[in-house]
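J.:
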């Protein structure tokens with residue numbers, strides 16, 4: 002018996018069998034994914050409706066978006082002295098500013114919406130905010146009385162708070178202060194990458210129990226978020242910024258990686274320390290006290 006020939010026959014037979022099984026497996030997976038995709042989509046939509054979750058018409062388009070690189074910038078810290086009629090404190094990458102004069106806004110009390118943002122737009126365009134023209138309106142959070150502006154890079158807003166301006170309103174809906182972060186100058190890195198659609202992003206949230214029953218999906222917007230932070234630069238990747246409205250509760254923000262579909266749970270910017278906020282308030286009170294003293298001295302002089 003020619004064992005060498007038998008060995009070759011066994012090897013060839015085994016290889017042929019592996020190729021056949023692999024082709025069957027690939028064909029099965031392709032069929033399952035193709036059919037399962039439509040079936041799962043329908044099931045997810047029906048499940049969301051059964052949970053009384055409202056959502057707008059969600060696009061299935063998949064755009065191509067590049068990564069971004071930004072330089073580490075300390076310009077907010079170095080240029081804060083240029084701001085007038087404001088008391089500023091810079092700490093942990095955040096610029097706190099308390100306005101000397103408040104900015105009144107017109108508000109629809111019933112729908113809790115800002116009727117006209119022109120006063121804030123004018124405030125920014127008049128040079129009262131560092132690099133203010135690089136930001137655009139992102140959202141209004143009514144129960145927190147905050148207007149959020151996002152830094153725009155590659156015509157897409159940065160949605161993770163590393164490039165944002167948050168204007169704070171008092172109970173009379175007048176702007177009294179703001180906090181600002183600046184991501185730096187952005188450059189496109191490499192080729193554009195295909196992102197998941199709006200629909201897939203919302204479905205990913207629902208499947209991960211991130212959308213409660215009776216919620217309303219009010220905003221689904223493509224943005225950027227910081228994925229890597231080095232000593233001299235940061236890298237930004239596409240992200241779906243999603244707002245959920247729940248009755249009698251503050252608007253909740255969810256974030257989904259637009260390349261992988263994974264849920265982003267860690268904020269990119271840590272909230273400023275209590276000490277920084279105390280410093281800002283102390284500085285503001287000191288400034289007001291000095292104004293009162295100057296005013297008093299002027300009156301006495303008269």
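In our numbering, the protein residues as written are 2 to 303.
Every residue, glycine too, gets a C-beta built ideally from N, C-alpha and C.
Treat the numbers as computed from the prediction; the structure is a model and nothing was measured.
Can the beta-carbon of residue 84 be found less than 8 Å from the beta-carbon of residue 129?
T.: Contact: yes.
J.: Do we get a CB-CB distance below 8 Å when we pair residue 92 with the residues of chain D?
T.: Of the protein chains in this structure there is only one, and it is not chain D.
J.: I need the DSSP call for residue 85, collapsed to helix, strand or coil.
T.: In the structure shown, residue 85 sits in coil (DSSP, three-state: anything other than H, G, I, E or B).
J.: Among all the DSSP beta bridges, which residues are the ones paired with residue 167?
T.: Per DSSP, 149, 180.
J.: Select from 163, 147, 153 the residue whose C-alpha is nearest the C-alpha of residue 175.
T.: Comparing Cα-Cα distances from residue 175 to each of 163, 147, 153, the minimum goes to 147.
J.: Report the rounded CA-to-CA distance for residue 88 versus residue 193, giving the unit in angstroms.
T.: Taking the straight line from one Cα to the other gives about 42 Å.
J.: So, helix, strand or coil for residue 1, using DSSP?
T.: Given a span of 2 to 303 for the chain in the structure shown, any question on residue 1 remains unanswerable.
J.: Residue ranges of each beta strand (DSSP E) run of no fewer than 3 residues wholly in the stretch 47 to 93, ordered along the chain?
T.: Runs found: 65 to 72, 87 to 92.
J.: Residues in the same chain with beta-carbon distance under 8 Å from residue 63, minus the five sequence neighbours each way, listed in chain order, please.
T.: Excluding positions up to five away in sequence, the list reads 195, 196, 197, 198.
J.: Give the secondary structure of residue 205 by DSSP, where H, G and I count as helix, E and B as strand, and everything else as coil.
T.: Reduced to three states, the DSSP call for residue 205 is helix.
J.: Specify whether the stretch 217 to 224 and the stretch 233 to 242 touch according to this definition: at least 3 beta carbon pairs, one from each stretch, less than 8 Å apart.
T.: They touch, by the three-pair rule.
J.: I'd like the list of long-range same chain contacts for residue 59, defined as Cβ closer than 7 Å, with 5 residues on each side in sequence excluded.
T.: Within the same chain, residue 59 has close Cβ partners 199, 200, 203, 221.
J.: Contact between the stretch 245 to 256 and the stretch 89 to 106: three or more CB pairs below 8 Å?
T.: Contact fails: fewer than three Cβ-Cβ distances are below 8 Å.
J.: Decide yes or no for the touch test of the stretch 64 to 82 against the stretch 46 to 56: beta carbon pairs closer than 8 Å, at least 3 of them.
T.: Contact between the stretch 64 to 82 and the stretch 46 to 56 is absent, because fewer than three Cβ pairs lie under 8 Å.
J.: If we ignore side chains and look at the alpha-carbon of each, how far apart do residue 230 and residue 181 end up?
T.: Distance between the alpha carbons of residue 230 and residue 181 is about 19 Å.
J.: Counting only the same chain and skipping the five closest in sequence on each side, list residues whose C-beta sits under 8 Å from that of residue 233.
T.: The residues are 72, 73.
J.: Let me know the secondary structure DSSP gives residue 212 once reduced to three states.
T.: Looking at residue 212 - three-state DSSP - the assignment turns out to be coil, as it is neither helix nor strand.
J.: What separation, rounded to the nearest whole angstrom, lies between the Cα atoms of residue 125 and residue 65?
T.: Answer to the nearest angstrom: the Cα atoms are 32 Å apart.
J.: Nearest CA to the CA of residue 177: which residue from 138, 257, 167?
T.: The option with the nearest alpha carbon to residue 177 is 167.
J.: At what residues does the beta strand (DSSP E) containing residue 115 begin and finish?
T.: Note, residue 115: beta strand (DSSP E), 114 to 117.
J.: Nearest-angstrom Cα distance between residue 67 and residue 265?
T.: So the alpha carbons of these two residues sit roughly 19 Å apart.
J.: Roughly how many whole angstroms lie between the Cα atoms of residue 45 and residue 257?
T.: If I take the Cα positions, the gap works out to 17 Å.
J.: Under three-state DSSP, which class holds residue 125?
T.: Note: residue 125 maps to helix in three-state DSSP.
J.: How close, in whole Å, do the beta carbons of residue 153 and residue 136 come, if the pair is a contact with beta carbons under 8 Å?
T.: Residue 153 to residue 136, Cβ: 7 Å. Contact.
J.: Could you pull the start and end residues of the beta strand (DSSP E) that residue 191 belongs to?
T.: It spans 187 to 195 - the beta strand (DSSP E) in which residue 191 sits, taken as one unbroken run.
J.: Between the alpha carbons of residue 274 and residue 215, how many angstroms are there, rounded?
T.: Low confidence applies here, because residue 274 scores a pLDDT of 42, under 50, leaving its location unreliable and the question unanswered by this model.
J.: Keeping to the same chain, check which residues put their C-beta closer than 8 Å to that of residue 131; ignore five residues upstream and five downstream.
T.: Once the five neighbours on either side are set aside, the close Cβ partners of residue 131 are 76, 77, 80, 81, 83, 84, 96, 181, 183.
J.: Only counting the same chain, and skipping five residues up and downstream in sequence, which positions put a Cβ closer than 6 Å to that of residue 61?
T.: Same-chain partners within the cutoff: 198, 200.
J.: Taking the Cβ atom as the reference point for each residue, do residue 245 and residue 218 lie within a distance shorter than 8 Å?
T.: In this structure, residue 218 lies closer than 8 Å to residue 245 by Cβ.
J.: In the DSSP assignment, what are the bridge partners of residue 260?
T.: DSSP, once it has assigned bridges, lists no residue as partnering residue 260.
J.: To which residues of the same chain is residue 208 closer than 6 Å at the C-beta, ignoring the five residues directly before and after it?
T.: Cβ within range, chain order: n/a, list empty.
J.: Any idea which residues DSSP pairs residue 225 with across the strands?
T.: Answer is 159, 239, bridged to residue 225.
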